[in-house]
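Residues in the sequence shown are numbered consecutively from 1, following the UniProt record's numbering.
Scroll down for the structure; my scribbles are underneath it.
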Amino acid sequence: MGQTAFLETAQGRRLAYRKTKGRGPTIVFLGGLKSDMEGTKAVHLEAWAQAQGRAFLRFDYSGHGESSQKFEETCIGDWHEDTLEVIDRLCDGPIVPVGSSMGGWQALLLARARAGRIHGMVTIAAAPDFTEDGYVASFTDLQKQTLDTVGQIELPSDYMEPYIITKRLIEDGRARLVLRDPLELPFPVRCLQGTADTAVTTDTALRLLEHATCDDMRLLLVKDADHRFSDGPCLGLIEQAVSEVLGAV
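Below, the structure written as structure tokens:
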């Protein structure tokens with residue numbers, strides 16, 4: 001396994017990452033909101049890539065894990081900048097982004113910015129546009145007022161302490177929506193989604209499938225799988241999906 005190293009970005013942020021050498025394309029794991037590179041899927045996929053002799057990279061966005069900044073100081077655009085810096089400065093040649101939840105949105109933003117670098121893509125419970133279609137759509141009038149006047153609100157989480165959702169996160173997310181305008185994905189894409197996911201619905205997965213323009217895009221719905229998508233069978237499906245896009249021409 002690679003050792004933790006740090007990348008100083010052009011924006012002055014310090015990103016923690018682990019890189020495993022091997023043959024390309026480089027598999028790049030893009031984690032979810034408030035997740036980090038020590039999560040089950042990231043670590044499992046790194047071990048799998050190493051066993052296959054594949055190049056692999058996992059990292060913490062700013063405000064996550066070992067990287068600099070506080071979570072509530074960061075937003076979708078910051079994490080997009082982080083992703084671009086990591087890809088541009090740490091990866092040679094083609095890449096295969098594997099985006100989990102919010103990381104799926106980041107993978108789609110990456111497709112807009114660096115389509116020529118992407119050999120194929122895998123998403124796991126992808127959550128594109130969740131700040132608008134998930135958060136804002138469900139806010140009460142009181143929450144909207146609090147966000148506007150105080151600048152942040154707290155939302156409960158099924159996995160950890162409450163999320164601090166800032167006005168900046170919402171406004172920045174609104175500027176980076178991917179399901180309102182054409183979304184070209186000129187490479188193989190495999191999308192994985194659990195039917196028991198309470199954070200991202202199958203409707204979101206179907207909406208992405210229908211919206212994107214792609215000649216080789218498949219969605220696999222897994223009965224009773226939850227948002228973590230990290231038990232043994234689900235991890236095996238992730239391996240299979242990555243293998244498919246790596247082998248696709």
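Glycine included, every Cβ here is placed at the ideal spot set by N, Cα and C.
Everything numeric in this text was worked out from a predicted model, so none of it was measured.
Review point. Would Lys19 pass as a contact of Ser100 if the rule is Cβ separation under 7 Å?
Key: no
**Study point:** Cβ-Cβ distance between Leu108 and Pro128 below 7 Å
**Key:** yes
Check your understanding: From Ala49, Phe59, Ala113, pick the residue whose C-alpha is nearest to that of Leu33; which is it?
Key -> Phe59
Review point. Should Ala51 and Thr26 be called a contact, given that it needs their Cβ atoms to be closer than 7 Å?
Key: no
Review point. On the three-pair Cβ rule with 8 Å, is the segment 205-217 touching the segment 184-194?
Key: yes
Practice item. Could you name the residues that DSSP lists as bridge partners for Met217? Key: Val189
Practice item. Can you check DSSP and say which residues form a bridge with Ala16? Key: Phe6
Review point. Do the segment 111-121 and the segment 138-150 touch if we need at least three Cβ pairs shorter than 8 Å?
Key: no
Review point. Excluding five sequence neighbours on each side, which residues of the same chain lie with their C-beta closer than 6 Å to the C-beta of Gln152?
Key: Ile164, Thr166
Review point. If you drop the 5 nearest sequence neighbours on each side, which residues of the same chain put their C-beta closer than 8 Å to that of Arg89?
Key: Leu7
Point to revise | Beta-bridge partners of Leu30, as assigned by DSSP | key: Gly99
Exercise for review: Please state whether DSSP places Tyr61 in a helix, a strand or coil.
Suggested key: coil
Review point. Of the choices Asp133, Val245, Gln193, Leu15, whose alpha-carbon is the least far from that of Gln69?
Key: Leu15
Point to revise | Length at least 4, wholly inside the UniProt domain "AB hydrolase-1" (48-150): the alpha helix (DSSP H) runs in chain order | key: 76-90, 102-114, 141-150
Exercise for review: Give a yes or no on whether the C-beta atoms belonging to Arg190 and Ala126 are separated by under 7 Å.
Suggested key: no
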